[in-house]
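K.L.:
Residue numbers (the UniProt record's numbering): 1 to 317.
1) Is it true that the region 260–276 meets the region 289–305, where meeting means three or more beta-carbon pairs spaced less than 8 Å apart?
2) Classify residue 303: buried if its beta carbon has 16 or more other beta carbons within 10 angstroms, exposed otherwise.
3) Below 6 Å CB to CB, which residues in the same chain sit around residue 232 once its five sequence neighbours on both sides are set aside?
4) From the DSSP output, in three-state form, read off residue 149 for me.
5) Entirely within the region 142–197 and at least 3 residues each: give me those beta strand (DSSP E) ranges in chain order.
6) Could you tell me the boundaries of the beta strand (DSSP E) in which residue 60 lies?
7) Is it buried or exposed for residue 142, if we count other Cβ within 10 angstroms and need 16 for buried?
8) Using only alpha-carbon positions, find the residue among 149, 236 and 271 that is nearest to residue 171.
9) Under DSSP, the beta strand (DSSP E) around residue 99 begins and ends at which residues?
10) In angstroms with no decimal places, state the Cα-to-Cα distance between residue 33 and residue 86.
11) Leaving out the 5 sequence neighbours to the left and right, which residues in its chain are closer than 6 Å to residue 130 when beta-carbon positions are compared?
12) Roughly how far, in whole angstroms, is the beta-carbon of residue 159 from the beta-carbon of residue 221, given that I think they are within contact range, below 8 Å?
13) By Cβ distance, which residues of its chain are closer than 8 Å to residue 268, with the 5 residues on each side in sequence left out?
14) How long is the line joining the alpha carbons of residue 273 and residue 317, rounded to whole angstroms?
15) Within 8 Å, do at least three Cβ pairs link the region 92–103 to the region 68–77?
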């Protein structure tokens, strides 16, 4: 018996770099560098210089069970820049990724998407260990702020996701994309701190933002959500997903943002894919990261909030 397994990873890389997966089983080279498996890079448009925003890599590997009912194996990702030695993620065997492959339990069946077994999307493990959400976010968003760009990603035909508009020019940029509605998930403090360029001498920046969107003819919804807080995402998800669903049903092309387009806005769009389109968590995580590699997937918040969404709004399609 054999099954196709999809490996994927998000990593910050320099130019002319290739990413691989190696592991303890023969299909992954038994840790031999000569037998490493090349990953494919997701085709996206980069807005920052190489190394300043992450890329997404994946590959499908056919793995044999032999005569066993399950398969226990270890693996890790590696990368190589032209002219340099192969670099392994993490620091030694303690950072090996471990997985038990079995199709007999419910968890495994939830990872099957169109006959392919999706392993959890990995975030590259640095030498010092796995980055947390704050580290992952600031590593990217600090450069977006410094260069004052609008960093956007198209997730679906009618859904875009990204960083917060920091000046009027960014709202005009949204209009060139065909955006007709905006959902803002920043806190009041976020708006005051990051959006002051709209009206530098005005104290009430949130009110000024509403005026600008109205002047530009865009529908604007602002839901205050605390940053870097899983509990806040649990609270906002049912309502925001339903609002997003309503805007899309009305024919809008919607831009969803928080500060960097990493956590809160990613959760909202992922929630729509899960609760309304009925995608599995594995399919949602892969799709979100392949379209916007900097995405941070809060699986716990998405799972908890789904129950509340169904309680409030029932089955929505």
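Note that the Cβ used here is the ideal one computed from N, Cα and C, for glycine as well.
Quick caveat: nothing in here was measured; it's all calculated off a predicted structure.
P.N.:
Quick look at the numbers:
1) Yes: the two stretches touch, three or more of their Cβ pairs being nearer than 8 Å.
2) Looking at its Cβ environment, which holds fewer than 16 other Cβ atoms inside 10 Å, residue 303 is exposed.
3) Excluding residues within five positions, the ones whose Cβ falls inside 6 Å are 225 and 226.
4) Three-state result, residue 149: coil.
5) The region 142–197 contains these whole beta strand (DSSP E) runs: 152–156, 159–162 and 181–184.
6) In the DSSP assignment, residue 60 falls within the beta strand (DSSP E) that extends over 55–64.
7) By the neighbour-count criterion, in which a residue is buried when 16 or more other Cβ atoms sit within 10 angstroms of its Cβ, residue 142 is exposed.
8) Here the closest residue by C-alpha is 149.
9) That run of the beta strand (DSSP E) goes 97–101.
10) For residue 33 and residue 86, the distance between alpha carbons rounds to 8 Å.
11) When the five nearest sequence neighbours on each side are left out, no beta carbon in the same chain lies closer than 6 Å to the beta carbon of residue 130.
12) Between residue 221 and residue 159 the Cβ distance is about 14 Å, and since that is not below 8 Å, they are no contact.
13) The answer, listed in chain order, is 183, 185, 236, 237, 240, 241, 244 and 256.
14) Roughly 11 Å separates the two Cα atoms.
15) Pairwise C-beta distances place the region 68–77 in contact with the region 92–103, as three or more of them are shorter than 8 Å.
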